[in-house]
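The next block holds one structure in the form of structure tokens; read it before the comments.
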Amino acid sequence: MNLIAKPSKDNIKTYVPIGLFLVSLSFLDVFVNAFFNFNLMGFLPSQLSYFLPLILGYIGFYLIRIEFSGVRSLDILNKNINSNNFNALLTLFTIFIIIKSIPPMLDWFILEANFVGNSKDDCTGDGACWVFIKVWFNRFMYGLYPDAEQWRINTAFLILFAVVGVSFFVSEKLKKYFILFLVFVFPFLGIKLISGGSFGLEYVESAAWGGLSLTFIISAFAILFCFPIGVILALGRRSSLPAIKYISIGFIELWRGVPLITVLFMSAVMFPMFLPDGTFIDKLIRVLIAITLFEAAYMAEVVRGGLQALPKGQYEAAKSLGMGYWRMNALIILPQALKLVIPGIANTLLALVKDTPLIFVVGLMELAGMIGLAKTNPKWLGMAMEGYVFAGLVFWIICYAMSRYSQNLEKKLSTER
Amino acid sequence: MTKIIELKNVNKWFDKFQVLKDIDLEVAPQEKIVICGPSGSGKSTLIRCINRLEEHQEGNIIVDGTELAENTKNIEKIRAEVGMVFQQFNLFPHLSILDNCSLAPIWVKKLPKKQAEEIAMSNLKRVQIDDQALKFPGQLSGGQQQRAAIARALCMEPKIMLFDEPTSALDPEMIKEVLDVMVDLAKGGMTMIVVTHEMGFAKEVADYMIFMDEGKIVERAKTKEFFENPKSERTKLFLSQIL
Numbered sequence: 001m002n003l004i005a006k007p008s009k010d011n012i013k014t015y016v017p018i019g020l021f022l023v024s025l026s027f028l029d030v031f032v033n034a035f036f037n038f039n040l041m042g043f044l045p046s047q048l049s050y051f052l053p054l055i056l057g058y059i060g061f062y063l064i065r066i067e068f069s070g071v072r073s074l075d076i077l078n079k080n081i082n083s084n085n086f087n088a089l090l091t092l093f094t095i096f097i098i099i100k101s102i103p104p105m106l107d108w109f110i111l112e113a114n115f116v117g118n119s120k121d122d123c124t125g126d127g128a129c130w131v132f133i134k135v136w137f138n139r140f141m142y143g144l145y146p147d148a149e150q151w152r153i154n155t156a157f158l159i160l161f162a163v164v165g166v167s168f169f170v171s172e173k174l175k176k177y178f179i180l181f182l183v184f185v186f187p188f189l190g191i192k193l194i195s196g197g198s199f200g201l202e203y204v205e206s207a208a209w210g211g212l213s214l215t216f217i218i219s220a221f222a223i224l225f226c227f228p229i230g231v232i233l234a235l236g237r238r239s240s241l242p243a244i245k246y247i248s249i250g251f252i253e254l255w256r257g258v259p260l261i262t263v264l265f266m267s268a269v270m271f272p273m274f275l276p277d278g279t280f281i282d283k284l285i286r287v288l289i290a291i292t293l294f295e296a297a298y299m300a301e302v303v304r305g306g307l308q309a310l311p312k313g314q315y316e317a318a319k320s321l322g323m324g325y326w327r328m329n330a331l332i333i334l335p336q337a338l339k340l341v342i343p344g345i346a347n348t349l350l351a352l353v354k355d356t357p358l359i360f361v362v363g364l365m366e367l368a369g370m371i372g373l374a375k376t377n378p379k380w381l382g383m384a385m386e387g388y389v390f391a392g393l394v395f396w397i398i399c400y401a402m403s404r405y406s407q408n409l410e411k412k413l414s415t416e417r
Numbered sequence: 418m419t420k421i422i423e424l425k426n427v428n429k430w431f432d433k434f435q436v437l438k439d440i441d442l443e444v445a446p447q448e449k450i451v452i453c454g455p456s457g458s459g460k461s462t463l464i465r466c467i468n469r470l471e472e473h474q475e476g477n478i479i480v481d482g483t484e485l486a487e488n489t490k491n492i493e494k495i496r497a498e499v500g501m502v503f504q505q506f507n508l509f510p511h512l513s514i515l516d517n518c519s520l521a522p523i524w525v526k527k528l529p530k531k532q533a534e535e536i537a538m539s540n541l542k543r544v545q546i547d548d549q550a551l552k553f554p555g556q557l558s559g560g561q562q563q564r565a566a567i568a569r570a571l572c573m574e575p576k577i578m579l580f581d582e583p584t585s586a587l588d589p590e591m592i593k594e595v596l597d598v599m600v601d602l603a604k605g606g607m608t609m610i611v612v613t614h615e616m617g618f619a620k621e622v623a624d625y626m627i628f629m630d631e632g633k634i635v636e637r638a639k640t641k642e643f644f645e646n647p648k649s650e651r652t653k654l655f656l657s658q659i660l
């Protein structure tokens with residue numbers, strides 16, 4: 001009778017050790033099975049041994065589910081992953097799946113993967129062929145940019161990182177000039193350095209640009225320009241002047257309603273047909289303008305959300321102090337509205353970065369595009385997996401960094417108690 | 418005596434609903450006027466018309482010699498001369514109290530930052546929250562926030578101050594600290610138009626009382642006469658309920 005009593009504080013001394021033992025046993029069984037391919041419970045009938053970890057874990061979790069046990073760690077465990085039978089099962093399944101999936105992933109990524117060599121033939125193991133990434137790394141970073149000139153891209157990015165890095169350590173007053181430099185001077189300086197054509201630098205046409213550096217260039221320019229345009233459109237959409245209001249609405253709805261891939265195609269193929277003969281706008285610039293305007297439409301709606309969230313009193317207080325439209329928006333309304341929509345802005349900018357691979361439709365190849373090109377190289381067929389895992393990892397690092405930055409910004413700008 | 422505010426025959430509608438009906442009002446410099454009346458009687462709308470947070474459709478409003486009309490430039494100039502204090506304080510939550518006070522002097526009156534901050538500090542001292550200058554509005558109590566809002570308006574060195582139910586959103590024990598500041602301001606000779614239900618305050622500072630109902634000025638009288646010998650039945654009824 002005593003043995004099958006409901007787990008409670010009275011029998012905590014016997015039930016918890018037994019329960020923990022059973023749970024550990026079930027994990028151990030799955031672990032040994034997954035990592036060493038050996039079935040601890042092999043002596044049992046096959047169907048029973050298959051489900052045994054689940055049954056053991058389930059009973060174990062039942063035994064340790066003691067309400068208000070007085071043991072803090074046990075209470076936390078029960079509350080979070082073992083609150084009822086169903087949750088106990090979900091916990092078991094989740095942990096089993098994680099344990100089971102580690103060995104094959106480990107094999108593919110590292111243990112059976114190939115790191116040394118120079119060609120596909122060096123990849124003899126069953127795992128990933130990282131040789132592919134190693135051999136093509138230069139192309140993935142710089143596209144078809146001439147090897148001898150790549151120092152120019154490196155220099156441009158080094159200057160960028162140096163300026164950004166130093167700006168974290170200088171006084172507020174100097175910081176202002178750093179930001180002005182980054183926004184108004186550096187983009188054009190950097191582009192001049194990379195494209196060349198003057199100061200004794202060899203001209204490199206934009207069709208040769210590519211790889212991760214192009215991802216950065218396009219993302220940076222689009223972010224830089226889509227933000228102010230988006231803010232102006234958001235203000236325009238709320239304007240009391242009908243002409244400005246309807247132009248803004250029209251612009252936003254037009255660009256939001258068209259897929260980016262269409263916009264890019266039109267910018268590269270159709271747009272030149274409407275230009276007068278003899279005029280020529282670089283393809284990359286056309287694509288940049290297209291992405292910028294496309295994302296600006298999204299940005300406008302995000303910012304408008306923030307504008308609408310502000311109480312009317314803020315507008316009235318600003319007006320009552322004699323501020324005109326622009327001062328009111330620049331000093332009072334936008335700082336608050338933008339702060340409110342930092343998560344939305346981050347969302348849009350992340351989407352922008354991840355949209356850049358679409359420029360392949362016009363023949364420009366950033367990181368993912370270069371990988372797409374490399375995997376169709378006859379000497380390297382069948383490397384799609386390695387390539388796209390690599391691209392995924394790089395994009396994830398970029399986006400996660402942006403996400404963390406936006407969270408920090410949110411915290412820093414918070415003036416609530 | 419020249420008038421600093423003149424309203425002649427002002428009418429205003431919200432869609433089809435008429436909120437202000439034939440309002441005539443004259444205010445001389447340094448006069449203190451308290452407007453009272455039941456809610457929805459148009460008192461707030463009336464003072465919001467004086468700095469054109471609301472637009473009137475008929476009649477003339479002349480503030481300090483300038484007529485309020487469709488001309489934007491004039492309106493901003495007038496607003497800079499007319500301070501306003503709101504029921505909900507409406508401090509700027511993203512700025513410190515000091516920045517709340519010095520922002521408009523810097524950007525609207527184009528004062529150098531240092532001078533604007535000196536003015537801000539002296540006004541914060543006047544409302545006795547100079548020790549809170551570097552805090553953000555969210556860290557202050559309601560009474561402190563409203564005093565900061567008064568200081569913010571004073572920093573523009575206005576000729577006229579409008580108060581739109583300044584104590585209605587406050588806890589009872591905080592009302593006094595705000596009213597004290599307003600009494601002090603009145604004694605300093607500021608022209609004030611106050612919408613309030615605080616009749617004790619009205620008796621102490623007001624030169625004139627105005628009673629409004631259904632968009633009309635029902636009664637305008639010297640303060641003593643207004644409380645002791647109201648003429649209209651409506652005023653009597655209102656006073657009997659509020660006192």
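Chains as they are written, first to last, in this note's numbering: chain A, 1 to 417; chain B, 418 to 660.
Beta carbons are placed, not taken as given, at the ideal position from N, Cα and C, and that holds for glycine.
Interface partners of residue i on chain A, CB under 7 Å
{"i": "residue 564(B)", "result": "Ordered by position in chain A, no residue passes the 7 Å Cβ test against residue 564(B), which lies about 15 Å from the chain."}
{"i": "residue 468(B)", "result": "320"}
{"i": "residue 501(B)", "result": "320"}
Residue i: contacting residues in chain B (beta-carbon distance under 8 Å)
{"i": "residue 314(A)", "result": "507, 509"}
{"i": "residue 336(A)", "result": "509, 510, 511"}
Residues of its chain near residue i, where Cβ-Cβ distance is below 8 Å and the 5 sequence neighbours each way are ignored
{"i": "residue 34(A)", "result": "99, 100, 102, 103"}
{"i": "residue 572(B)", "result": "518, 519, 521, 522, 533, 536, 537, 540"}
{"i": "residue 400(A)", "result": "none"}
{"i": "residue 666(B)", "result": "The displayed coordinates of chain B run from 418 to 660. Any statement about residue 666(B) would go beyond what the structure contains."}
{"i": "residue 75(A)", "result": "68, 69"}
{"i": "residue 502(B)", "result": "563, 566, 567, 570, 578, 579, 580, 581, 583"}
{"i": "residue 133(A)", "result": "140, 386, 387, 390"}
{"i": "residue 124(A)", "result": "114"}
Nearest-angstrom beta carbon gap, residue j and residue i [assumed within contact, 8 Å]
{"i": "residue 219(A)", "j": "residue 348(A)", "result": "Contact flag wrong, Cβ pair sits at about 12 Å."}
{"i": "residue 632(B)", "j": "residue 504(B)", "result": "With 8 Å as the limit, residue 632(B) and residue 504(B) do not qualify as a contact, their Cβ atoms being about 20 Å apart."}
{"i": "residue 301(A)", "j": "residue 252(A)", "result": "7 Å"}
{"i": "residue 515(B)", "j": "residue 463(B)", "result": "No, residue 515(B) and residue 463(B) are not in contact; Cβ-Cβ is about 33 Å, not under 8 Å."}
{"i": "residue 351(A)", "j": "residue 304(A)", "result": "With a Cβ gap of about 17 Å, residue 351(A) and residue 304(A) do not count as contacting."}
{"i": "residue 309(A)", "j": "residue 226(A)", "result": "With 8 Å as the limit, residue 309(A) and residue 226(A) do not qualify as a contact, their Cβ atoms being about 21 Å apart."}
Residues near residue i in its chain [Cβ-Cβ closer than 7 Å; skip 5 each side]
{"i": "residue 388(A)", "result": "371"}
{"i": "residue 635(B)", "result": "628, 629, 649, 651, 652"}
{"i": "residue 660(B)", "result": "616"}
Interface residues of chain A facing residue i [CB-CB closer than 8 Å]
{"i": "residue 599(B)", "result": "Chain A residues near residue 599(B): none, gap ~17 Å exceeds 8 Å."}
{"i": "residue 493(B)", "result": "322, 323, 324"}
{"i": "residue 497(B)", "result": "321, 322"}
Close-in-space but distant-in-sequence residues of the same chain around residue i (CB under 6 Å, 5 per side omitted)
{"i": "residue 223(A)", "result": "349"}
{"i": "residue 78(A)", "result": "65"}
{"i": "residue 460(B)", "result": "452, 454, 612, 629"}
{"i": "residue 206(A)", "result": "282, 284"}
{"i": "residue 42(A)", "result": "none"}
Proximal chain D residues relative to residue i, where beta-carbon distance stays under 9 Å
{"i": "residue 484(B)", "result": "The displayed structure is made up of protein chains A and B, and chain D is not among them."}
Amino acids of chain B, ordered along the chain, whose beta-carbon sits closer than 7 Å to that of residue i
{"i": "residue 120(A)", "result": "Chain B residues near residue 120(A): none, gap ~58 Å exceeds 7 Å."}
Closer than 9 Å at the beta carbon, the chain B residues around residue i
{"i": "residue 339(A)", "result": "511"}
Inset, instruction - Residues of the stretch 304-334 of chain A with a CB closer than 7 Å to any CB of chain B: list them in chain order, please. - result: 313, 314, 316, 317, 319, 320, 321, 322, 323, 324, 327, 331, 332
Legend entry - Contact residues within the stretch 572-586 of chain B, judged by C-beta distance below 7 Å to chain A: 573
Inset, instruction - Report the residues of the stretch 515-536 of chain B with a CB closer than 7 Å to any CB of chain A, ordered along the chain. - result: 520, 521, 524, 525
Inset, instruction - Specify whether the stretch 319-333 of chain A and the stretch 255-263 of chain A touch according to this definition: at least 3 beta carbon pairs, one from each stretch, less than 8 Å apart. - result: Short answer: they don't touch.
Inset, instruction - Assess, as a yes-or-no matter, whether the stretch 184-204 of chain A is touched by the stretch 167-175 of chain A under the definition of 3 or more beta carbon pairs within less than 8 Å. - result: no
Inset, instruction - May I ask you to verify whether the stretch 16-36 of chain A touches the stretch 45-59 of chain A, counting CB pairs closer than 8 Å and requiring at least 3? - result: The stretch 16-36 of chain A, when compared against the stretch 45-59 of chain A, does touch it at the 8 Å Cβ threshold.
Inset, instruction - Please determine if the stretch 495-512 of chain B and the stretch 568-582 of chain B are in contact, where contact requires at least 3 C-beta pairs separated by less than 8 Å. - result: yes
Inset, instruction - Determine, using beta-carbon pairs with one atom in the stretch 134-147 of chain A and one in the stretch 362-380 of chain A, whether at least three such pairs fall under 8 Å. - result: yes
Inset, instruction - May I ask you to verify whether the stretch 373-387 of chain A touches the stretch 310-330 of chain A, counting CB pairs closer than 8 Å and requiring at least 3? - result: no
Legend entry - Given 8 Å, three or more beta-carbon pairs between the stretch 574-592 of chain B and the stretch 486-501 of chain B: yes
Inset, instruction - May I ask you to verify whether the stretch 180-197 of chain A touches the stretch 159-172 of chain A, counting CB pairs closer than 8 Å and requiring at least 3? - result: In this structure the stretch 180-197 of chain A lies against the stretch 159-172 of chain A, because at least three pairs of beta carbons, one per stretch, are closer than 8 Å.
Inset, instruction - Please determine if the stretch 208-218 of chain A and the stretch 271-278 of chain A are in contact, where contact requires at least 3 C-beta pairs separated by less than 8 Å. - result: no
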